[in-house]
Amino acid sequence: NPEFAGFGWIDGLTAAGGLLVFSAAVLDRLAAAPLVPLRDPRLSEALHFENT
737 NPEFAGFGWI
747 DGLTAAGGLL
757 VFSAAVLDRL
767 AAAPLVPLRD
777 PRLSEALHFE
787 NT
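Heads up: the sequence shown begins at 737 in my numbering, then just goes up one per residue.
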């Protein structure tokens, strides 16, 4: 039936919802990981390093 063919608003919302779920999962994983290597034996040396 031609009136139901094409890309509708529900298709757009479904794609946006899937993208939001994926983005939330990625951001959750990134937020759970520390940005600084906590058990690095040279961490204090690296934090005080000054590039000259």
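Quick reminder that beta carbons are idealized off the backbone N, C-alpha and C, glycines included.
Check                                                                                                   : Outcome
If we ignore side chains and look at the alpha-carbon of each, how far apart do L763 and N787 end up?   : 32 Å
Is P773 near L779, with beta carbons less than 8 Å apart?                                               : yes
Could you give the distance in angstroms between the alpha-carbon of L755 and the alpha-carbon of E739? : 27 Å
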